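Encoded as structure tokens, the structure appears first; notes follow it.
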Amino acid sequence: MTTGAEEGPVLYAEPGSSWWPVLWGPVFCAVGAGLEALTGPVHGLAWILVAVVLAGMTAAWVNARRKVCAVSVTPVYLHQGQDRLAVAKIARAADVDAPVSAKPLGGGWTVPRKTTEVPLELDDGTVVLAWARHPDGLIEVLQGLVAEKPR
Numbered sequence: 047m048t049t050g051a052e053e054g055p056v057l058y059a060e061p062g063s064s065w066w067p068v069l070w071g072p073v074f075c076a077v078g079a080g081l082e083a084l085t086g087p088v089h090g091l092a093w094i095l096v097a098v099v100l101a102g103m104t105a106a107w108v109n110a111r112r113k114v115c116a117v118s119v120t121p122v123y124l125h126q127g128q129d130r131l132a133v134a135k136i137a138r139a140a141d142v143d144a145p146v147s148a149k150p151l152g153g154g155w156t157v158p159r160k161t162t163e164v165p166l167e168l169d170d171g172t173v174v175l176a177w178a179r180h181p182d183g184l185i186e187v188l189q190g191l192v193a194e195k196p197r
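To convert, take the position in the sequence shown, counting from 1, and add 46; that gives my numbering.
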């Protein structure tokens, strides 16, 4: 995730997905071609085409996850998927009770799978749900930024 130079350094980041799943299709195709070689002639062009198609589809999936499920924190903003929340608006980042009606950040109906909710109280008293795969790291960074904020 890229942030502007005016935001400062990235203090915490989760990319949303790594690129290694793109290798699944080509590896499966290589195994299939190897098994086919044990029984007779190999259809090399077909295996290559299938490997390219599977890698392309997986690359599109990974790219989407890297946009929708990425988390980063700079001294100015908390980026969650497509949402950007000013750190100055965060009043508390720990020991916040989340009501059922709390809106998740990132643009989805719920927090992404395999992530943990991190309730944040904003300066207007509302509670929103941030999320991260490693919530303790996110909470630690946000608490430090909230503590440094002038009141």
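We put the beta carbon where it would ideally sit given N, CA and C, even for glycine. A quick note: this is a predicted structure, and the numbers were derived from the prediction, not measured.
In this structure, L191 lies away from K149, with their beta-carbon atoms at least 8 angstroms apart. Across the set V119, E186, E167, the C-alpha of V119 shows the shortest separation from the C-alpha of G54. Below 8 angstroms, enough C-beta pairs join the region 162–169 and the region 121–139 to call them touching: three or more.
For P150, DSSP records a beta bridge to L175. Burial state of H125 is buried, judged by a 10 Å Cβ sphere holding 16 or more other Cβ atoms. In this structure, D129 and G153 form a Cβ contact; the two beta carbons are roughly 6 angstroms apart against a cut-off of 8 angstroms.
About 12 angstroms separates the Cβ atoms of V114 and E60, ruling out a contact at the 8 angstroms cut-off. Selection W177, G80, V173, G62 evaluated against W93 yields G80 as nearest (Cα-Cα). Between the beta-carbon of E82 and that of V73 there is about 15 angstroms, and that puts the pair past the 8 angstroms contact cut. Closest in alpha carbon position to V122, among V157, D143, K135, is K135.
Between C75 and V108, the C-beta spacing is not below 8 angstroms. Within 10 angstroms of the beta-carbon of A110 lie fewer than 16 other beta-carbons, which makes it exposed. Beyond the five residues adjoining it in sequence on each side, L100 comes within less than 6 angstroms, by CB distance, of G71 in the same chain, given in chain order. Around the beta-carbon of A178, 16 or more other beta-carbon atoms lie within 10 Å, marking it buried.
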